[in-house]
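Asker: Line by line, the protein sequences are chains A and B.
Residues 148 to 300 in the working numbering are what the first sequence lists, from first letter to last.
Residues 148 to 300 in the working numbering are what the second sequence lists, from first letter to last.
Protein chains: 2
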Amino acid sequence: MSACGEHDACTERALQWAEQICQEQGLRFTTLRRRVLEIIWADHAPTKAYDILAQLEQEHASAKPPTVYRALHFLLEHKLIHKLDSQNAYVGCSHPLEHEACYFLICKRCHVVVECCGRALDQAISDSAIAHNFSRQKTTLEISGECEACLQQ
Amino acid sequence: MSACGEHDACTERALQWAEQICQEQGLRFTTLRRRVLEIIWADHAPTKAYDILAQLEQEHASAKPPTVYRALHFLLEHKLIHKLDSQNAYVGCSHPLEHEACYFLICKRCHVVVECCGRALDQAISDSAIAHNFSRQKTTLEISGECEACLQQ
DNA sequence: AACATAGTTGTTACATTATAACATTACATA
DNA sequence: TATGTAATGTTATAATGTAACAACTATGTT
Ligand SMILES: [Zn+2]
Ligand SMILES: [Zn+2]
Ligand SMILES: [Zn+2]
Ligand SMILES: [Zn+2]
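#1: Just to confirm the assignment, what range does the beta strand (DSSP E) spanning R283/B have?
#2: What beta strand (DSSP E) runs, 3 residues minimum, are completely inside the segment 212-262 of chain A?
#3: Pairs of beta-carbons, one from the segment 251-263 of chain B and one from the segment 186-202 of chain B, closer than 8 Å: are there three or more?
#4: How far does the alpha helix (DSSP H) with A276/B in it reach, from first residue to last?
#5: Is any heavy atom in ligand 1 found nearer than 7 Å to the beta carbon of C157/A?
#6: Measuring straight from C-alpha to C-alpha, what distance separates S209/B and T178/B?
#7: Where do the N-terminal and C-terminal ends of the alpha helix (DSSP H) with C169/A fall, by residue?
#8: Can you find a heavy atom of ligand 4 that lies under 7 Å from the Cβ of R283/A?
#9: Taking 8 Å as the threshold (beta carbon to beta carbon), is T194/A in contact with chain B?
#10: Using a Cβ cut-off of 8 Å, pull out every chain B residue sitting near G292/A, in sequence order please.
#11: State the start and end residues of the unbroken alpha helix (DSSP H) segment that holds Q300/A.
#12: Got a sec: which bits of the segment 260-276 of chain A sit with their beta carbon under 7 Å from any beta carbon on chain B, in order along the chain?
#13: By DSSP, does T178/B sit in helix, in strand, or in coil?
#14: Closer than 8 Å, Cβ to Cβ, to anything on chain A: give me those residues from the segment 225-236 of chain B, in chain order.
#15: Considering only heavy atoms of ligand 2, does any lie closer than 7 Å to the CB of E293/A?
#16: Is L252/A close to chain B? Criterion is C-beta to C-beta, closer than 8 Å.
#17: Give the single residue among N280/B, V215/B, A236/B, Q284/B whose Cα lies nearest to the Cα of E247/B.
#18: Is V238/A near ligand 2 - that is, is its Cβ less than 7 Å away from at least one heavy atom of it?
#19: Determine whether the beta carbon atoms of L268/B and S275/A lie at a separation below 8 Å.
#20: Please tell me whether E289/B has its Cβ less than 8 Å away from any Cβ of chain A.
#21: Within the 8 Å Cβ cut-off, does L298/B reach chain A?
#22: If the cut is a Cβ gap below 9 Å, which residues of chain B does E295/A touch?
#23: On the DSSP letters alone, give me the boundaries of the alpha helix (DSSP H) that A201/B sits inside.
#24: E295/B: which of T287/A, H225/A, I277/A, C254/A sits nearest, CA to CA?
#25: Give the single residue among I272/B, F281/B, L252/B, S282/B whose Cα lies nearest to the Cα of E293/B.
#26: How many angstroms separate the CA atom of I228/A from the CA atom of Q167/B?
#27: Leaving aside the five residues before and after Q172/A along the sequence, list all residues of the same chain whose C-beta is less than 8 Å from its C-beta, in chain order.
#28: For E289/A versus Y237/A, is the C-beta spacing smaller than 8 Å?
#29: Compare the C-beta of K255/B against all C-beta atoms of chain A and say whether one is closer than 8 Å.
#30: Taking 7 Å as the cut-off, does the CB of D274/A come closer than this to any heavy atom belonging to ligand 5?
#31: Taking the alpha-carbon of F281/B as reference, which of A271/A, E262/A, K211/A has the nearest alpha-carbon?
#32: Relative to the C-alpha of L184/A, which candidate in A165/A, A201/A, E153/A, Y197/A has its C-alpha closest?
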């Protein structure tokens with residue numbers, strides 16, 4: 148499920164972003180890391196680590212769990228992907244350049260994940276943390292339900 | 148870590164709630180389920196399933212993973228506990244009677260979890276879902292950072 | 001009391017998700 | 001080319017969670 152007219156463009160854009168970010172920061176965007184990012188960007192649904200492994204194995208005989216998890220750690224660290232804790236699965240980041248607090252709308256039917264970055268909601272979260280004298284460091288916000296397209300069926 | 152003056156009172160209250168809720172709904176609050184709830188309520192930190200198992204084993208020779216997970220499923224189903232997806236761990240529900248959308252402040256230092264239920268933040272989440280024509284069914288909101296007590300040290 | 005029933009627990013086995021530890025290889029650059 | 005660092009290969013294992021079926025327990029009905 149892609150939820151976008153031209154998904155090749157999404158993938159292309161994500162890979163170019165990754166290339167650019169790695170270049171700017173002197174990071175090595177190796178074949179393996181690129182391939183894992185491509186697999187994750189095959190669609191807009193969350194991808195499981197062991198499904199990535201299954202794909203990698205077909206083209207890369209030495210692929211093992213650490214192969215995949217290392218690539219995932221690299222991509223997470225540099226915010227090229229996100230982990231959805233409620234699903235134990237990974238999605239490509241939709242806007243790695245301008246990175247703020249983001250949250251996810253996850254469709255239970257078509258599995259499309261939309262990444263949102265609204266200042267309003269982010270502010271509401273900060274306000275609540277402040278009200279509890281809590282110093283906010285990391286936020287996990289994942290909303291599952293049904294997307295517009297699925298509701299219209 | 149308890150984050151409350153009189154933690155025995157927290158536990159006592161939680162067990163009585165559970166008793167009452169099960170009675171009202173014709174559910175069986177068995178020894179095993181009560182014991183798992185007690186273990187979770189030993190403090191305000193998230194508890195891991197296999198740590199519960201380790202405790203149960205000492206007093207209940209036949210305890211195995213399904214023993215624990217069944218009790219957890221029961222307690223989750225009836226909203227006596229919550230699972231924190233960002234930690235793979237479980238906490239007692241602080242207000243099982245008046246249950247609305249809730250979210251969690253998780254202290255990285257002392258591990259105390261505070262469950263919050265603010266209408267304002269809940270509304271902001273709904274607004275955002277509506278803005279994306281998304282039908283919201285389940286929300287995971289977990290904020291990790293440092294609590295007031297730890298910040299003052 | 002005997003029986004039927006549904007719910008709970010026991011038991012074994014396994015699936016899924018993730019990491020530790022150490023060896024080897026590739027890459028940059030001096 | 002030597003040398004150090006980062007990346008990958010390799011083996012093993014840890015951590016989290018479920019399937020499937022057997023045995024038991026509580027409860028209500030004949
Ligand atoms: Zn797309
Ligand atoms: Zn959908
Ligand atoms: Zn307490
Ligand atoms: Zn704290």
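C-beta atoms are modelled at their ideal positions from N, C-alpha and C, and glycine is treated no differently.
Model, not experiment: these values are computed from the prediction.
Answerer: Short version:
#1: If you number the second sequence from 1, residue 283/B lands on position 136. From DSSP, the beta strand (DSSP E) with R283/B extends over 282-293.
#2: Counting only unbroken stretches of 3 or more residues, the beta strand (DSSP E) elements lying wholly within the segment 212-262 of chain A are 228-231, 236-239, 250-254, in sequence order.
#3: They touch, by the three-pair rule.
#4: As a first step, residue 276/B must be located in the second sequence, where it is residue number 129. Counting along the chain, the alpha helix (DSSP H) containing A276/B begins and ends at 266-278.
#5: Counting from one through the first sequence, the residue named residue 157/A turns up at place 10. C157/A: yes, Cβ under 7 Å from ligand 1.
#6: The residue given as residue 209/B occupies position 62 in the second sequence. The residue given as residue 178/B occupies position 31 in the second sequence. When rounded, the separation of the alpha-carbon atoms in S209/B and T178/B is 14 Å.
#7: Position 22 of the first sequence holds residue 169/A. Its alpha helix (DSSP H) spans residues 154-172.
#8: For the purposes of this step, residue 283/A is taken as residue 136 along the first sequence, with counting starting at 1. Flag unset: Cβ of R283/A not near ligand 4.
#9: Residue numbering aside, residue 194/A sits at position 47 when the first sequence is read from its first letter. Contact with chain B is absent for T194/A, since none of that chain's Cβ atoms lies less than 8 Å from the residue's Cβ.
#10: Here residue 292/A corresponds to residue number 145 of the first sequence, with the count starting at 1. By Cβ distance, chain B contributes A276, F281, S282, R283, Q284, K285.
#11: Here residue 300/A refers to the residue found at position 153 when the first sequence is read from its first residue. No alpha helix (DSSP H) contains Q300/A, which DSSP labels as neither H nor E.
#12: Those residues of the segment 260-276 of chain A placed with their C-beta closer than 7 Å to a C-beta in chain B are V261, C263, G265, A267, L268, A271, I272, S275, A276, ordered along the chain.
#13: The residue labelled residue 178/B in the question sits at position 31 within the second sequence. Residue state, collapsed to three classes: helix.
#14: Per Cβ criterion, the list reads D232, S233.
#15: Start at 1 with the first residue of the first sequence, and residue 293/A comes out as number 146. Checking the Cβ of E293/A against ligand 2 gives yes.
#16: Position 105 of the first sequence, counted from the first residue, corresponds to residue 252/A. Taking Cβ atoms only, chain B reaches closer than 8 Å to L252/A, which makes this a yes.
#17: For the purposes of this step, residue 247/B is taken as the residue at position 100 of the second sequence. Closest by alpha carbon: Q284/B.
#18: For this step, residue 238/A is matched to residue 91 along the first sequence. Flag unset: Cβ of V238/A not near ligand 2.
#19: What you label residue 268/B is simply residue 121 of the second sequence in a count that begins at 1. What you label residue 275/A is simply residue 128 of the first sequence in a count that begins at 1. Remark: C-beta atoms of L268/B and S275/A approach each other more closely than 8 Å.
#20: On the second sequence, residue 289/B is found 142 positions in, with the first residue counted as 1. Chain A contact via Cβ: present.
#21: Position 151 of the second sequence, counted from the first residue, corresponds to residue 298/B. Output row for L298/B: interface = yes.
#22: The residue you call residue 295/A lines up with position 148 of the first sequence. Neighbours of E295/A on chain B, chain order: H279, N280, F281, S282.
#23: Taking the second sequence and counting its residues from 1, one reaches residue 201/B at position 54. Counting along the chain, the unbroken alpha helix (DSSP H) around A201/B starts and ends at 196-206.
#24: Your numbering for residue 295/B matches position 148 in the second sequence. When the alpha-carbon of E295/B is set against those of T287/A, H225/A, I277/A, C254/A, the nearest one is in I277/A.
#25: The residue given as residue 293/B occupies position 146 in the second sequence. Minimum Cα distance to E293/B is reached at L252/B.
#26: As a first step, residue 228/A is located in the first sequence; it is residue number 81 there, counting from the start. As a first step, residue 167/B is located in the second sequence; it is residue number 20 there, counting from the start. Cα to Cα, the separation comes out at about 45 Å.
#27: Here the question's residue 172/A lines up with position 25 in the first sequence. Only H225 meet the Cβ criterion.
#28: Counting from one through the first sequence, the residue named residue 289/A turns up at place 142. Counting from one through the first sequence, the residue named residue 237/A turns up at place 90. Not in contact: E289/A and Y237/A (Cβ atoms no closer than 8 Å).
#29: On the second sequence, residue 255/B is found 108 positions in, with the first residue counted as 1. Yes, its Cβ sits closer than 8 Å to a Cβ of chain A.
#30: Summarising the ligand content, the structure contains ligand 1, ligand 2, ligand 3 and ligand 4 and does not contain ligand 5.
#31: The sequence position of residue 281/B within the second sequence is 134, counting from 1. The option with the nearest alpha carbon to F281/B is E262/A.
#32: As a first step, residue 184/A must be located in the first sequence, where it is residue number 37. Ranked by how close their Cα comes to the Cα of L184/A, the residues A165/A, A201/A, E153/A, Y197/A have A165/A in first place.
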